[in-house]
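For reference, the structure discussed in these notes is given below.
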Amino acid sequence: MSLPPFNPEDFDERCETCGAAPGQLCRSTCDTGYTAEDYRRDAERREQATAAPPAAGRPASRRSKE
1 MSLPPFNPED FDERCETCGA APGQLCRSTC DTGYTAEDYR RDAERREQAT
51 AAPPAAGRPA SRRSKE
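Position one of the sequence shown corresponds to residue 1 (the UniProt record's numbering), numbered consecutively onward.
Structural data, given as structure tokens:
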């Protein structure tokens, strides 16, 4: 299986611990330690989620926070 290339759009926020930019791996001194292996695992989960057929029935309703 070939994984798609790493795109900055795959991530929305900077790392809160080391400040790594969106779409970048954490710095080596970061204790959060988001690694390339973590990215591959997340990519596989996203791929499986998009390959799964939608659930039948009514769509889930959203509740307001108020």
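Every residue, glycine too, gets a C-beta built ideally from N, C-alpha and C.
Which one of the options has the shortest CA to CA distance from residue i?
i     : options                    : result
Arg40 : Thr29, Cys30, Leu25, Cys15 : Leu25
May I ask you to report which of helix, strand or coil DSSP gives residue i?
i     : result
Arg27 : coil
Thr50 : helix
Ala21 : coil
Glu13 : coil
Less than 8 Å separating the beta-carbons of residue i and residue j?
i     : j     : result
Arg27 : Ala21 : no
Thr17 : Asp38 : no
Could you check if residue i belongs to the surroundings of the ligand PLP, using beta carbon to heavy atom distance under 7 Å?
i     : result
Thr29 : Looking for the ligand PLP in the displayed structure turns up nothing, as the structure carries no ligands at all.
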